[in-house]
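Engineer:
Protein chains: 2
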Amino acid sequence: MESKKLNIITNVLSAKKLKITHQRIVVYQAVMETNKHPSAEQVFERIKDNNPSISLATVYKTLETFVENELINKVSSPGGTMRYDAKRKHHNHIYITNTNEILDYEDEELSKILMNYLNKKKFSNLNITDIKLQIKGEKVNPSKGISIT
Amino acid sequence: MESKKLNIITNVLSAKKLKITHQRIVVYQAVMETNKHPSAEQVFERIKDNNPSISLATVYKTLETFVENELINKVSSPGGTMRYDAKRKHHNHIYITNTNEILDYEDEELSKILMNYLNKKKFSNLNITDIKLQIKGEKVNPSKGISIT
DNA sequence: CTCCAAATAAGAATTATTATTATTTAGTAA
DNA sequence: TTACTAAATAATAATAATTCTTATTTGGAG
Ligand SMILES: [Mn+2]
Ligand SMILES: [Mn+2]
Ligand SMILES: [Zn+2]
Ligand SMILES: [Zn+2]
Chain A
45 MESKKLNIIT
55 NVLSAKKLKI
65 THQRIVVYQA
75 VMETNKHPSA
85 EQVFERIKDN
95 NPSISLATVY
105 KTLETFVENE
115 LINKVSSPGG
125 TMRYDAKRKH
135 HNHIYITNTN
145 EILDYEDEEL
155 SKILMNYLNK
165 KKFSNLNITD
175 IKLQIKGEKV
185 NPSKGISIT
Chain B
45 MESKKLNIIT
55 NVLSAKKLKI
65 THQRIVVYQA
75 VMETNKHPSA
85 EQVFERIKDN
95 NPSISLATVY
105 KTLETFVENE
115 LINKVSSPGG
125 TMRYDAKRKH
135 HNHIYITNTN
145 EILDYEDEEL
155 SKILMNYLNK
165 KKFSNLNITD
175 IKLQIKGEKV
185 NPSKGISIT
């Protein structure tokens with residue numbers, strides 16, 4: 045249960061040769077247990093009650109460390125602030141402009157279509173590292189969710 | 045020539061019922077005459093020598109006004125700062141991470157493929173305002189350009 | 001021309017993020 | 001175990017990007 049999850053995290057950190065610290069564990073957990081693409085500030089808010097001595101700067105630095113080690117992703121948002129994403133599998137994002145939410149939009153078929161189309165193109169002098177669709181929109185009813193068929 | 049361009053700008057501003065000010069004219073020109081997606085600071089840098097009394101805050105405010113009036117677009121970048129885009133026709137962006145450049149990638153065929161694919165999907169409670177492909181990559185040779193076949 | 005709502009300049013304030021530095025600690029090895 | 005040390009952290013200052021405030025100016029309507 046609790047100890048098993050903790051064990052998984054220590055394994056992940058060890059595999060990247062990162063020191064296992066309490067701060068890294070709680071930041072990692074906080075990012076992993078949500079799909080809301082939190083900002084550094086939001087990660088800090090989520091963990092600070094149970095970890096009163098943790099510093100916001102440490103949260104920023106820890107998240108950066110995770111990004112550098114490819115444990116999480118960093119994504120810019122139309123609101124301007126950087127958000128962090130636990131999902132490592134390739135996926136697209138829907139930016140909800142009236143709520144600042146970022147939703148995942150995973151679509152295997154679409155990814156294949158894009159791959160297939162872009163592979164025919166030749167981009168000289170360019171090393172492509174990522175290709176994703178960015179959908180922007182607003183919730184008609186901000187208090188309700190969005191479903192996709 | 046000069047006066048003709050000026051005339052076009054005054055017409056554009058008039059059509060949006062915006063007061064025609066010197067500041068708006070030079071900011072509009074600065075954004076229009078480049079495809080480099082400048083930041084507010086970069087727009088300010090470009091115009092300040094010929095307009096020593098213009099204020100950076102005015103540049104910010106003026107760009108926002110243009111965005112609200114749909115004369116230009118605002119786009120977030122992986123570097124975190126907001127950039128402004130004169131091109132109003134639908135197009136995609138290539139973010140060059142090692143030079144902070146934003147390149148336009150216009151592709152009618154791709155746009156159609158995406159439109160076509162996404163129109164089959166039903167997004168409930170979501171009002172889609174924009175769909176674009178975001179390509180991220182790095183220049184192999186940062187001092188050279190990129191060409192696409 | 002006069003007038004005034006709107007725009008601007010200047011600078012303060014805010015927000016997001018990064019840098020600095022003294023202190024603490026995880027992991028290593030005696 | 002304990003001692004050591006490089007790395008991590010806390011606290012806070014600094015910076016960067018953007019927005020706000022307010023006194024002054026001005027475009028354009030009448
Ligand atoms: Mn910033
Ligand atoms: Mn910002
Ligand atoms: Zn995501
Ligand atoms: Zn563009």
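Just so you know, the protein sequences line up as chains A and B, in that order. Residue numbers for the first sequence follow our numbering, beginning at 45 and rising by one. Residue numbers for the second sequence follow our numbering, beginning at 45 and rising by one. Even glycine gets a Cβ: it sits at the ideal position worked out from N, Cα and C.
(1) Go ahead and label Thr193 (chain B) buried or exposed: buried means 16 or more other beta carbons lie within 10 angstroms of its beta carbon, across all protein chains shown.
(2) Rounding to the nearest angstrom, what Cα-Cα distance links Met159 (chain A) and Glu150 (chain B) in this structure?
(3) Looking at chain A, is there any beta carbon in it that lies within less than 9 Å of the beta carbon of Leu158 (chain B)?
(4) What in chain A is Cβ-close to Thr173 (chain B), meaning under 8 Å?
(5) Say the cut is 8 Å; is the CB of Tyr56 (chain A) nearer than that to a heavy atom of ligand 4?
(6) With 16 as the cutoff for other CB atoms within 10 Å, does Ile146 (chain A) come out buried or exposed?
(7) Measure from the alpha carbon of Met76 (chain A) to the alpha carbon of each residue in A:Leu62, A:Leu50 and A:Lys60, then state which is nearest.
(8) Taking only beta-carbon positions, decide if Leu154 (chain B) is within less than 9 Å of chain A.
(9) Grouping DSSP H, G and I as helix and E and B as strand, with all else coil, what is Asn55 (chain B)?
(10) Give a single yes or no on whether Val184 (chain A) has its beta carbon closer than 8 Å to a heavy atom of ligand 3.
(11) Is Val184 (chain A) helix, strand or coil by DSSP?
(12) Under the DSSP definition of a beta bridge, which residues are partnered with Val3 (chain B)?
(13) For ligand 3, is there any heavy atom lying closer than 8 Å to the beta carbon of Val119 (chain A)?
(14) Excluding the five sequence neighbours on either side, which residues of its own chain have a C-beta within less than 6 Å of the C-beta of Ala84 (chain A), listed in chain order?
(15) Relative to the C-alpha of Phe167 (chain B), which residue among A:Ile116, A:Ile53, A:Glu114 and A:Lys183 is closest?
(16) If you draw a straight line from the alpha carbon of Asn117 (chain B) to that of His81 (chain B), how long is it in whole angstroms?
(17) Here's a check: name, in chain order, each residue in its chain whose Cβ is nearer than 7 Å to the Cβ of Thr143 (chain B), leaving out the five neighbours to either side.
(18) According to DSSP, is Lys61 (chain A) part of a helix, a strand, or is it coil?
(19) Give me the Cβ distance between Gly189 (chain A) and Asn171 (chain B), rounded to the nearest whole Å; I'm assuming they're in contact under 8 Å.
(20) Taking Ser83 (chain A) as part of the beta strand (DSSP E), name the residues at either end of that continuous run.
(21) To the nearest angstrom, how far is the alpha carbon of Gln67 (chain B) from that of Arg90 (chain B)?
(22) So, using beta-carbon positions, are Asp174 (chain A) and Gly181 (chain B) closer together than 9 Å?
(23) For ligand 4, I want to know if Ile146 (chain B) counts as a neighbour, meaning its beta carbon is within less than 8 Å of at least one of the ligand's heavy atoms.
(24) Jot down the residue ranges of each uninterrupted beta strand (DSSP E) in the segment 127-183 of chain B, minimum 3 residues, whole runs only, in chain order.
(25) For the beta strand (DSSP E) that Asn95 (chain A) lies in, which residues bound it at each end?
Structural biologist: This is what the structure gives:
(1) Here residue 193 (chain B) is taken as the residue at index 149 of the second sequence, counted from 1. Exposed, because fewer than 16 other Cβ atoms sit within 10 Å of the Cβ of Thr193 (chain B).
(2) One-based indexing of the first sequence puts residue 159 (chain A) at position 115. One-based indexing of the second sequence puts residue 150 (chain B) at position 106. The alpha-carbon atoms of Met159 (chain A) and Glu150 (chain B) are separated by roughly 17 Å.
(3) Stepping through the second sequence from its first residue, residue 158 (chain B) is reached at position 114. Yes, its Cβ sits closer than 9 Å to a Cβ of chain A.
(4) Position 129 of the second sequence, counted from the first residue, corresponds to residue 173 (chain B). Result: Thr141, Lys180, Gly181 and Glu182.
(5) By one-based count along the first sequence, residue 56 (chain A) stands at place 12. Looking at the sequence shown, residue 56 (chain A) is not Tyr but Val. No, ligand 4 has no heavy atom inside 8 Å of this Cβ.
(6) Here the question's residue 146 (chain A) lines up with position 102 in the first sequence. Buried.
(7) Translated into the one-based positions of the first sequence, residue 76 (chain A) becomes position 32. Answer by Cα proximity: A:Leu50.
(8) Taking the first residue of the second sequence as 1, we reach residue 154 (chain B) at position 110. Yes, Leu154 (chain B) lies at the interface with chain A (some Cβ there is under 9 Å from its Cβ).
(9) For the purposes of this step, residue 55 (chain B) is taken as residue 11 along the second sequence, with counting starting at 1. Asn55 (chain B) falls in the helix class under three-state DSSP.
(10) Sequence index remark: in the first sequence, residue 184 (chain A) carries index 140 (1-based). No, since every heavy atom of ligand 3 falls outside the 8 Å radius drawn around the Cβ of Val184 (chain A).
(11) Position 140 of the first sequence holds residue 184 (chain A). Val184 (chain A): coil per DSSP, three-state reduction.
(12) Because chain B is modelled from 45 through 193, residue 3 (chain B) falls outside the range shown and cannot be assessed.
(13) If you number the first sequence from 1, residue 119 (chain A) lands on position 75. Flag set: Cβ of Val119 (chain A) near ligand 3.
(14) Position 40 of the first sequence holds residue 84 (chain A). For Ala84 (chain A), where only same-chain residues beyond five positions count, the Cβ hits under 6 Å are Val103, Tyr104 and Leu107.
(15) In the second sequence, residue 167 (chain B) corresponds to position 123, counting from 1. With distances taken between Cα atoms, Phe167 (chain B) lies closest to A:Lys183.
(16) Working through the second sequence from its first residue, we reach residue 117 (chain B) at position 73. Working through the second sequence from its first residue, we reach residue 81 (chain B) at position 37. Distance between the alpha carbons of Asn117 (chain B) and His81 (chain B): 9 Å.
(17) Reading the second sequence from its first residue, position 99 is the one you call residue 143 (chain B). So the qualifying residues of the chain are Lys183 and Pro186.
(18) Taking the first sequence and counting its residues from 1, one reaches residue 61 (chain A) at position 17. Three-state result, Lys61 (chain A): coil.
(19) Residue mapping note: residue 189 (chain A) aligns to position 145 of the first sequence, counting from 1. Residue mapping note: residue 171 (chain B) aligns to position 127 of the second sequence, counting from 1. That belief does not hold up - the Cβ atoms of Gly189 (chain A) and Asn171 (chain B) are roughly 14 Å apart, past 8 Å.
(20) As a first step, residue 83 (chain A) must be located in the first sequence, where it is residue number 39. It is not in any beta strand (DSSP E) - Ser83 (chain A) carries neither H nor E in the DSSP assignment.
(21) In the second sequence, counting from the first residue as 1, residue 67 (chain B) sits at position 23. In the second sequence, counting from the first residue as 1, residue 90 (chain B) sits at position 46. Their Cα atoms are separated by approximately 13 Å.
(22) To locate residue 174 (chain A), count along the first sequence from 1; it is residue 130. To locate residue 181 (chain B), count along the second sequence from 1; it is residue 137. Going by C-beta atoms, Asp174 (chain A) is nearer than 9 Å to Gly181 (chain B).
(23) The residue you call residue 146 (chain B) lines up with position 102 of the second sequence. Yes, the beta carbon of Ile146 (chain B) sits closer than 8 Å to at least one heavy atom of ligand 4.
(24) 136-140, 145-149 and 170-183
(25) Reading the first sequence from its first residue, position 51 is the one you call residue 95 (chain A). Asn95 (chain A) -> no beta strand (DSSP E), and no H or E assigned at all.
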